[in-house]
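S.K.: The sequence shown begins at 13 in the numbering used here and counts up by one.
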Amino acid sequence: MTHTRAKTDSPHDVRARVRRLRWTAFGLVTVSYMLAFFHRVAPAAIASDLQQAFSASAAALGGLAATYFYVYTVMQIPTGILVDTLGPRRIVTLGGIVAGAGSILFAYAATLTDASIGRLLIGLGASVAFIALLKLNAAWFHDRHFGTAVGLTLLLGNIGAVLAAAPFAWVLQFTSWRTVFAVLGGVSFVTAVLTWLFVRDHPGEAGLPSLRELDGEAAHPRHEGHWFEGLMTVLRNRLTWPSFWMNLGIGGSFLAFAGLWAVPFLRDVYGMDRATATQHTSLMLAGFAIGAISVGTLSDRVGRRKPVLIATALVHLLCWLPLVFSLPMPRLVSYSLFLFMGLSAASFTLSWACVKEVNPHALSGIATSVANTGVFLGTGILQPLVGWTIDRAGLAPGAAAQYHAGMLIFFACVVFGFVGSLRVRETYCRYLQR
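1) Exposed or buried, residue 96, counting other C-beta atoms within 10 Å across all chains shown (16 or more means buried)?
2) For residue 170, which three-state DSSP category applies?
3) DSSP three-state label for residue 121, please.
4) Please work out which residues of its chain come closer than 7 Å, Cβ to Cβ, to residue 14, disregarding the five sequence neighbours upstream and downstream, and give them in chain order.
5) Between residue 82 and residue 392, which are expected to be in contact by the criterion C-beta below 8 Å, what is the C-beta distance as a whole number of angstroms?
6) Go to residue 395, then tell me how far its alpha helix (DSSP H) extends in each direction, as first and last residue.
7) For residue 172, count neighbouring C-beta atoms within 10 Å of its own C-beta (all shown protein chains included) and say buried if the count is 16 or more, exposed if not.
8) Count the other CB atoms, across all protein chains shown, that sit within 10 Å of the CB of residue 117; report buried if there are 16 or more and exposed otherwise.
9) By the three-class DSSP mapping on this structure, what secondary structure does residue 214 have?
10) Taking all protein chains shown into account, do 16 or more other C-beta atoms lie within 10 angstroms of the C-beta of residue 274, making it buried, or fewer, making it exposed?
11) Tell me, to the nearest whole angstrom, how far the beta carbon of residue 93 is from that of residue 239; I am working on the premise that it is less than 8 Å.
12) Kindly give me the distance between the Cβ atoms of residue 56 and residue 293, rounded to whole angstroms, as I take these residues to be in contact under 8 Å.
13) List in chain order: all unbroken alpha helix (DSSP H) runs of 4+ residues lying wholly within the segment 29-104.
14) So what's residue 175 in DSSP terms, helix, strand or just coil?
15) At the level of alpha carbons, what is the spacing between residue 80 and residue 133?
16) If I follow the unbroken alpha helix (DSSP H) through residue 443, where does it start and stop?
17) Can you tell me whether DSSP reads residue 13 as helix, strand or coil?
18) According to DSSP, is residue 139 part of a helix, a strand, or is it coil?
19) Counting Cβ pairs, one atom from each stretch, are 3 or more of them under 8 Å apart for the segment 304-324 and the segment 158-175?
20) Nearest to residue 176 by alpha carbon, out of 290, 423, 198 and 123?
21) Taking all protein chains shown into account, do 16 or more other C-beta atoms lie within 10 angstroms of the C-beta of residue 215, making it buried, or fewer, making it exposed?
22) Rounded to a whole number of angstroms, what is the C-alpha to C-alpha distance between residue 400 and residue 207?
23) Determine the contact status of residue 364 and residue 426, defining contact as a CB-CB distance below 8 Å.
24) Using only alpha-carbon positions, find the residue among 276, 35 and 143 that is nearest to residue 418.
25) Any idea if residue 23 is buried or exposed, counting beta-carbon neighbours within 10 angstroms, 16 or more meaning buried?
26) Please return the same chain residues whose Cβ sits closer than 7 Å to the Cβ of residue 193, not counting the five positions on each side in sequence.
27) With a CB to CB cut of under 8 Å and the five nearest residues on each side skipped, what residues in its chain are close to residue 341?
28) When the Cβ atoms of the segment 351-371 are set against those of the segment 316-328, are three or more pairs found closer than 8 Å?
29) Under a Cβ-count criterion, where at least 16 other Cβ atoms within 10 Å of its own Cβ denotes burial, should residue 217 be classed as buried or exposed?
30) Where do the ends of the alpha helix (DSSP H) carrying residue 416 lie?
31) With distance defined between alpha-carbon atoms, name the residue in 91, 180, 40 and 286 nearest to residue 201.
32) Just verifying my parser: in three-state terms, what is the DSSP assignment at residue 5?
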C-alpha cells in the first residue's frame, strides 16, 4: 500500500495526524456507544413508570426491556461481518439514524406494542456501536495497547449506564421519561452525521501507514476470501468459544440484573426507595467502568490475560452469594457489595482481547462479534425468564421469596461463565495466528 501524503510529511507530522484521527474516531463512536449503554439499562430506573404506562405484568416488562437485547444479539455476527467488509464508519452512521428513530418512537409510544417496536429499533441501531469501536481500536491502536483501549472504551461507555441510573432518576423529578428519550433520539441523529463526516476506518483510508508499519514491522495481512469463509474460520476455531460462554454467563447475568431487576429486587427485598436502589446500581455500573479499564491495563502491563480474568471472575461469583440468600446487609455493606460486583464483573471484558488474539487480525470484527453475542443472548434470555419466575411465585407483591428462584438462575449462569473463563487460551497479549 502506498501512502502518498505520508511520504511527504515528516515522521512527527505523520504520527500527529494518526493521533488526531485516532481520537476523533474513538471519541465520536464512543458517544454512540454511551447512548447504547444508556438505552441498555434505562428500563431499570423507569420500571414502575413503564408498568403503569402500559399496564404491563413483570413478564411483559421483562419482554419489553429484553426486546433491545433480542435484536442486539441477532445483529452481533452480521455487524462483525459488516465492519470487516464495509467498515465501521458507514455502519455506525446508519446505526445512529435507526437508533434515533427508535428512541423517538419509544418516547411517543401509546401502547406496549409501539414501545416494543421502538425498543427494537433502538437495539438494532445501537447494536453496531461496540463492535465497530473494537474494529477501530484494532486499526488505530497498537496491538500491545488493545486491552487498555478496550478498558477505556468500556469506562467511557459505562458513563452512559451510570447516567441511566441515579442521574436519570433525578432528572425524572423535573421531566417525564418520554421527554428524555425524545432528546436522546435527536442526539443520535447528530452523532450519526458527525461520524459520517469525520471518522476514518483505518490509517490507510487517510493515506497513512498502519501502526505496525510506523514501528517498522510488516502490516497484518488482509483477509482475501469471502466474508462467509472468514466467519467459518472464526466459528471453527475452538479457541473462540470459551470467550462466548464466559460472556453468556457472567456478562449476561450482570447486564440482566443491572439493566432491569436490580432496582425492583432492592426495593422489594431490602425495602429501598427508588433513589437509594438506583444509587446502588449506579455504584455497580461505575465499579464496572473502573474495573474494565483496570483489568485491561493490568493485563497489558503484565503481558497475561488468563490470571487476571480468572481471579476477577471468581470474586464476582462470590459477590452473588449474599443476594442469592437475601442476607441482611447494613447500608454500608450493600453499597460495598454492589461496588465490588461491578469491579469484578469487568472480568468478562478481557474476552474481546482474548478472542481477537486467537483469530486472524483481519477477522477481528467477526471474532469479537461472536464473543459479544454471548453477552446479549444471556441478557435477552434472563430478563424475561426472571420476570416469569417472579410472576409464577404466586406470592404477595413485594415478598422477598418471589425473587429467590430468579437469583438462583442468575447465580447458576455466573458459575457457568466462570467455568468458561477457565477454558480461555492464554495469548500473552499477542496474536497466536499471523
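Glycine included, each C-beta is placed from N, C-alpha and C at the ideal position.
M.R.: Quick look at the numbers:
1) buried
2) helix
3) coil
4) Confidence in residue 14 is poor, its pLDDT being 45 and thus under 50, which makes the residue's placement unreliable; the coordinate value appears in the next sentence. Correct list: empty, nothing qualifies.
5) 5 Å
6) 376-404
7) buried
8) buried
9) coil
10) buried
11) 5 Å
12) 6 Å
13) 59-66 and 70-97
14) helix
15) 8 Å
16) Looking at the DSSP string, residue 443 is not in any alpha helix (DSSP H), and its letter there is neither H nor E.
17) Only weak support is given to the placement of residue 13: the predicted model assigns it a pLDDT of 44, under 50, and the value that follows is read from those uncertain coordinates. Note: residue 13 maps to coil in three-state DSSP.
18) coil
19) yes
20) 290
21) buried
22) 40 Å
23) no
24) 276
25) exposed
26) 115, 118 and 119
27) 282, 334 and 349
28) yes
29) exposed
30) 416-434
31) 40
32) Missing from the structure shown is residue 5; the chain here goes from 13 to 446 and no further.
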